[in-house]
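Notes follow once the structure below has been shown.
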Amino acid sequence: MAKSRHTVPGDFDLAMDELRIVARYAVWHAEDVLSVFERDVPDDPRPRAAIDAAWAFIKGANRSKLQRVTSLEAHRAARSAPSEAARLAARSAGDAASAAYLHPIAQASQVGHILRASANAARIGEIEAGGDPRIADALLERSRRRATPVLIDVLRRYPPLTGGSNHVARLMSTLDHSLRQTADRSAGHTAGSRAHALRRERKS
1 MAKSRHTVPG
11 DFDLAMDELR
21 IVARYAVWHA
31 EDVLSVFERD
41 VPDDPRPRAA
51 IDAAWAFIKG
61 ANRSKLQRVT
71 SLEAHRAARS
81 APSEAARLAA
91 RSAGDAASAA
101 YLHPIAQASQ
111 VGHILRASAN
121 AARIGEIEAG
131 GDPRIADALL
141 ERSRRRATPV
151 LIDVLRRYPP
161 LTGGSNHVAR
171 LMSTLDHSLR
181 QTADRSAGHT
191 AGSRAHALRR
201 ERKS
C-alpha cells in the first residue's frame with residue numbers, strides 16, 4: 001500500500017492512510033453482501049464497479065472521480081433494486097467507494113461513511129434469516145471485532161450517533177456506541193502508539 005503522508009484538513013486532520021483504512025473496513029462489509037444484490041439483479045455491474053474503485057484507492061491509487069462516479073452509480077442501482085436487501089447491498093458498495101471522501105468535519109452525519117456499510121450488512125443478514133434480530137447482533141459483533149485501533153481512533157474524532165430514524169440507523173448507532181466503549185476500555189494509548197498502529201495497519 002502506498003504510504004502517502006498527505007492529509008485532508010478541516011476541524012481535524014485525516015491522513016490518506018487513515019482514509020484507506022476506513023475504506024477497507026467499508027469494502028469488507030460491502031463485499032460480504034454484494035452477492036445479495038447480484039442474485040436479484042444479475043445484469044447490473046454498478047455496485048461491483050464501486051467496490052473495485054474502493055479497492056483501487058485502498059491499494060494506493062489517488063482518490064479521484066472514479067470513486068465519486070461509481071459511488072453515485074451504485075446508489076442509483078440501489079434505488080431501482082427490487083428488494084430491501086438488494087437495495088442495502090448496493091448502498092454498501094456505494095458507501096465503500098465514497099469512504100475515500102470522508103470529510104474531517106465534526107458532524108455525527110459523517111459517521112455513516114465509516115459504519116453504514118457494516119450496519120447495512122447486519123440488516124441484510126437479519127432479512128435473509130427471516131427477520132431474526134440475533135443474526136444482526138452477531139454480525140454487529142463481527143464488525144466490532146473487525147474494527148482496528150486506527151479505524152476506532154478516526155471514528156472517535158466525530159460526535160457519537162444518537163438513535164436513528166430507521167432500522168439501519170439504529171444498528172449503526174449500536175455499533176458506534178460499542179466501538180467507542182471498546183476504545184474507552186483500552187484508553188491510555190499514546191499518540192506514539194496510534195502512529196505505530198497506523199504503520200502496522202497500512203502494511204496489512
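Sequential numbering from 1 applies to the sequence shown in the working numbering. Just so it is clear, CB atoms sit at the ideal spot from N, CA and C, and this is done for glycine as well.
Query: Spatial distance of residue 12 from residue 130 (CA atoms); Result: 42 Å
Query: The segment 88 to 101 contacting the segment 134 to 154, beta-carbon criterion three pairs below 8 Å; Result: no
Query: Start-to-end residues for the alpha helix (DSSP H) that takes in residue 40; Result: 16 to 40
Query: Beta-carbon contacts of residue 113 that lie in its chain and below 6 Å, excluding the five residues immediately before and after; Result: 99, 102
Query: Residues near residue 94 by beta carbon distance below 6 Å, same chain, minus five either side; Result: 50, 71, 74, 75
Query: Beta-bridge partners of residue 174, as assigned by DSSP; Result: Bridge partners of residue 174: none, in fact.
Query: Sequence-distant residues of its chain with Cβ nearer than 8 Å to residue 27 (five each side left out); Result: 51, 54, 55, 58, 96, 99, 117
Query: Alpha helix (DSSP H) segment containing residue 119, residue limits; Result: 111 to 128
Query: Residues near residue 133 in its chain [Cβ-Cβ closer than 8 Å; skip 5 each side]; Result: 126
Query: Contact the segment 163 to 174 vs the segment 31 to 51: 3+ CB pairs below 8 Å; Result: no
Query: Under 7 Å between C-beta atoms of residue 69 and residue 124; Result: no
Query: Where the alpha helix (DSSP H) through residue 92 begins and ends; Result: 84 to 98
Query: Nearest residue (CA-CA) to residue 107, options 138, 161, 79, 65; Result: 161
Query: Sub-7 Å separation of residue 18 and residue 154 beta-carbons; Result: yes
Query: Pairwise C-alpha distance: residue 180 and residue 156; Result: 7 Å
Query: Three-state class that DSSP yields for residue 162 in the structure shown; Result: coil
Query: Distance between beta carbons of residue 175 and residue 115, contact taken as under 8 Å; Result: 5 Å
Query: Sub-7 Å separation of residue 210 and residue 172 beta-carbons; Result: Absent from the model: residue 210. The displayed extent of the chain is 1 to 204, so no value can be given.
Query: Alpha-carbon to alpha-carbon, residue 40 and residue 91; Result: 14 Å
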